[in-house]
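Residue numbers (this note's numbering): 4 to 151. What follows is a short report on a single structure.
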Amino acid sequence: MKIVLAADHGGYERKNVIRDWLEEEGYQVEDLGTHSSESVDYPEYGRKAARRVQEGQADRGIIFCGSGIGIGIAANRLKGIRCANVYEPYSAQLSRQHNNANMISLGARIIGEDMTKEIIKVFLTTEFEGGRHQRRVDKLDDLEERGR
């Protein structure tokens, strides 16, 4: 599975830790930056990661900022992206089972390193349930189309 990572300055250090950990776990990882703790604008990095997922160049995306909120909003602006801002494993599980989330956004200033890893494990190993949930995801896609 190929995972794309991105972060602004608020998530830079956590992204690096997670990148190394995911590689140790055997995942193929692409790190889109940022590559320093200098202040940058989170929409740029949310968009970069979402574009990779949108174009099929990555199976899943994991993005970081201080809260996880802004960068997740940025990612969700791209068609076909379902990025969930999650803070614990259960919401990560539901984001996959019920919403077929293809990205998650995480708050590096809110969630500790061990919890971040637990959330990501769940996100990467949980399957979409389909069924009645597929109907709802299809409705999200329809809303996206009609909103353009």
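All C-beta atoms, glycine included, are put in the ideal place defined by N, C-alpha and C. Given the structure is predicted, the values throughout are model-derived calculations rather than measurements.
- Collapsing the DSSP output to three states places residue 118 in a helix.
- Runs of the alpha helix (DSSP H) lying entirely within the segment 91 to 118 and spanning at least 4 residues, in chain order: 92 to 100.
- The three-state reading of DSSP puts residue 60 in coil, since its state is none of H, G, I, E or B.
- Residue state for residue 33 is assigned as strand, using DSSP reduced to three classes.
- Under the 10 Å beta carbon count, residue 119 is surrounded by 16 or more other beta carbons and is classified as buried.
- By the neighbour-count criterion, in which 16 or more other beta carbons inside 10 Å mark a residue as buried, residue 117 falls on the exposed side.
- Out of 31, 133, 147, 92, the CA that lies nearest to the CA of residue 64 is found in 31.
- In this structure the segment 16 to 35 does not lie against the segment 129 to 143, because fewer than three pairs of beta carbons, one per stretch, are closer than 8 Å.
- With a contact defined as Cβ atoms closer than 8 Å, residue 46 and residue 77 qualify at about 4 Å.
- About 5 Å separates the beta carbon of residue 125 from that of residue 96, a gap short enough to meet the 8 Å contact definition.
- Look at residue 20 here: in three-state DSSP terms it is helix.
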